[in-house]
Amino acid sequence: MNMLSYNEPNIKMEGSTMFNPSSALRSEEGWQTAGTTGSLQNLKRFNNQDFSHLRALCLSQGRLFEDDTFPAHISSIGASLLPEDQLQQIEWRRPTELRRNPCLIMDGVSRFDIIQGQIGDCWMLAALGSLTMQKRFLENVLPKDQGFQSDYAGIFHFRFWQFGDWMDVVIDDRLPFLNGSYLSVHPRTSNEFWPSLLEKAYAKLRGSYQNLHGGYISDALVDFTGGVQLQFSLKKPPPDLEEILKAAGKSQCMMGCSTSGQLRNRELRNGIVQGHAYTVTGAVKIRYKNGWEHIIRIWNPWGHGEWKGPWSDNSPEWNYVEPQIKEDLCINKDDGEFWMSCEDFCEQFSWLCICNSTPTFLDFGDQRGMTWSVDRHIDLWSNSLSTGRSNSSLAGAVSKNPKYFFEVTSNAPQSYNVVISLMQKHAEGMQDAQTSRIGFSITKENSKVLKQDFSLTRDVTNYFTLSPGTYAVIPATTARQDFEFVLRIFLKNECYNENSDSQISPMLPTVVPRQNQDSSYKTIFLRYAKQGSAIDASQLRQLLNEVLLQDEMASLGGKFSFDSCRGILALMDTNSNGRLTLQEFGSLWQKLNKYMDIFRREDKNNSGFLDIYELKSAIQTAGLAINEQVLHLVSLRFGDVTRRIGFSDFMCCMLRLETMTCAFQNLANGGPQLFMTAMEVRLLVPSFQLHSGTMLAG
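Following this line, the structure appears as structure tokens:
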């Protein structure tokens, strides 16, 4: 058994139950089943405030909402955030007083909308920057049923996950100003207010703006997702760090990092800020000179201030990269975002934090047929129980603290298969309560303690490689008082799905189990469909580019063009009405998922392209026969000047090849030759069309 060591991250930015994997909760963001209180479908109301009711009441009375539970008062700022004389100068202004035409969102939500204000909440803003890149999480936090135009009443609401429940937090839109400037985060565009309002809602949840002044990026990532986070020390990085980053990028995880340093917010000569949190926005491996270089993209919540070393905007390293790759990746702009090598990343930063619904960032290597399941427990530490006063005394508390059993059934010595997450739960309204030291131990079959972890943080999470057997988790705390905790046990197991042998899944396309990544294809369809009934070529293009191309590597090969989407629509539009119905889109989604998995398996060097040999293997993996002549034509029609095929072109190519094969088989009735009438030829021609109106001959 191999278990990783875990070091406590010390940088703060300013009754027994058996777990049966086959019956575990699965795939819900925040691990709440639909309809239960605290789920996204049945939110808990923070301070018992109902957004719809309060807005309707204000509209009927012709007044703007004023939140008595988080008033425009010093108490909402916090007595210790500023000197007394400055606190007295705070003014509260509504967006309608600041701009003639305020908007909640303009031209979509982006990390570049955010510029950190006077509050030291870089940890929260770094997590927020990552949130803007993951639409499936963003839509949970930022509801669409609000704005400054229709039904404006000075009231807004946002959603956050807190200790096992999704909370709906209502605020008024009065924002704090000091000497005419934003005290809090301010938007890059002067009349866009979603960053400031979301930050205010989070400050309300935490008790005050003062409670945002310093914190852990890991806490914010979990609050925005309801997921599980892991922190990796970059001073002693795991040997498979590059694999972890690759898996995190492909499964669309949220990521952040932080620097150490006694002097907070001190900018070094190389551009890196000490004691500061950043967002990790991308990680790719690119061809550089005669080898490969793994580079990481990072964003500073200040909205400016960038790394000045190798792979920065104007560094000479970019001169040795393929021009197209340089054009796609290197954007010379003072927006706080920059690239750096993986080696410099580990040298300049102290901690990397990764978060997702399940620990998909640990899914690398051969993970076929495996999926994550989770068991969640909310329980109470009682003062009458023996507590672990220190790491050494934890064993004495084992017999009296609650135990939670789980069984490891899979034997995967090269794979991390267990993640344990323990979170202490403060009483409602006590989010700023002092954190106690908590931890847990793991025992196997009632024998010796296998693992102990204690940390003075809200959340203690660790990952393991455990051999098959029965284990128990025993949470403990050093605090001699009663308070609740949330324990989650994540297990990687073989899929129990009846169709586990299928290569096609109707879920969000990633290389990890899709049921843990996003809602079904129906949800995605309804998000883009015109009036909820059908998708045209323009909407299909937007969908494919926003959903399929979120992965950095997949996007290197270029986006889906309007013409290519028209071609895809023509192939899948069985009703010949120029639009895709939900049923037709479901069929397309299955094919796209299959092709995406094949592309990623065959793209051995993670370049974002397939050469002609990888293309041949990919086509054969899809179960299609192809000779050298046709392979040559396909690479010629779909490839670039070097005959490489990018991701979007590969998708179009495979859809057409599969359609052609099916059409031939249907018309040939199983025979080796095909005799067609003129009408059949005319009907079949669209299926043979390839790229830019050309046809595949032979």
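First residue of the sequence shown: 1, per full-length UniProt numbering; consecutive thereafter.
Even for Gly, the Cβ is constructed at its ideal location relative to N, Cα and C.
- In the DSSP assignment, Gln424 falls within the unbroken beta strand (DSSP E) covering 418-425.
- Spatial neighbours of Ser208 in its own chain (CB-CB distance under 8 Å, excluding positions within 5 residues in sequence) are listed in chain order as Ser75, Ser76, Ile77, Gly78, Leu81, Asp432.
- A Cβ-Cβ distance of about 5 Å is found for the pair Ser410 and Asn493, placing them in contact under the 8 Å criterion.
- Separation of Phe585 and Met572 (C-alpha to C-alpha, rounded to the nearest whole angstrom) is 8 Å.
- Under the Cβ criterion (8 Å, minimum of three pairs), the stretch 63-72 does not count as touching the stretch 183-198.
- Taking each of Leu59, Asp85, Arg159 in turn and checking the Cα distance to Asn42, the smallest one comes out for Arg159.
- Looking from the CA of Arg488, the closest CA among Thr461, Glu337, Ile105 belongs to Thr461.
- DSSP places Trp299 inside the beta strand (DSSP E), whose first and last residues are 291-299.
- When the five nearest sequence neighbours on each side are left out, the beta carbons in the same chain lying within less than 7 Å of the beta carbon of Pro95 are those of Pro102, Phe148, Asp173, Phe193, in order along the chain.
- Taken through DSSP and simplified to helix, strand or coil, Asn332 comes out as coil.
- DSSP, read as helix, strand or coil, puts Asp113 in helix.
- At least 8 Å separates the beta-carbon of Trp292 from that of Ile298.
- When DSSP states are grouped into helix, strand and coil, His213 belongs to the coil group.
- Collapsing the DSSP output to three states places Lys444 in a strand.
- Contiguous beta strand (DSSP E) elements confined to the stretch 146-222 occur at 155-162, 165-172, 175-178, taking only those with 3 or more residues.
- Under the DSSP assignment, Phe338 falls in the beta strand (DSSP E) whose first and last residues are 337-341.
- Secondary structure within the stretch 517-594: the alpha helix (DSSP H) runs of 4 or more consecutive residues, fully enclosed, are 521-528, 537-547, 552-555, 562-572 (chain order).
- The C-alpha of Asp375 lies about 38 Å from the C-alpha of Gln539.
- In this structure Ile331 is exposed. Its beta-carbon is surrounded by fewer than 16 other beta-carbon atoms within 10 angstroms.
- A direct Cα-to-Cα measurement between Gly180 and Glu267 gives close to 26 Å.
- Taking a cut-off of 8 Å for Cβ pairs, the stretch 335-345 and the stretch 453-473 do not touch, as fewer than three such pairs fall below it.
- Shortest Cα-Cα distance from Gly282 to any of Gln262, Asn47, Lys250, Asn265 involves Lys250.
- Under the three-state reduction of DSSP output, Val630 falls in the helix class.
- By the neighbour-count criterion, in which 16 or more other beta carbons inside 10 Å mark a residue as buried, Ser190 falls on the exposed side.
- Under the three-state reduction of DSSP, Lys144 is assigned to coil, being neither helix nor strand.
- By the criterion of a C-beta distance shorter than 8 Å, Ile171 is surrounded in its chain by Asp67, Phe70, Ile155, Phe156, His157, Phe158, Leu197, Lys200, Ala201, Lys204, once the five residues flanking it on both sides are discounted.
- Annotation: Met370 is outside any alpha helix (DSSP H); the continuous beta strand (DSSP E) that includes it extends over 370-381.
- Here Arg488 carries a strand assignment [DSSP, helix/strand/coil].
- Across the structure, Ala247 and Ile114 are spaced so that their CA atoms are roughly 27 Å apart.
- In the three-state reduction of the DSSP assignment, Gln49 falls in the coil class, being assigned neither a helical nor a strand state.
- At the C-beta level, Leu543 and Ile535 come within 8 Å of one another.
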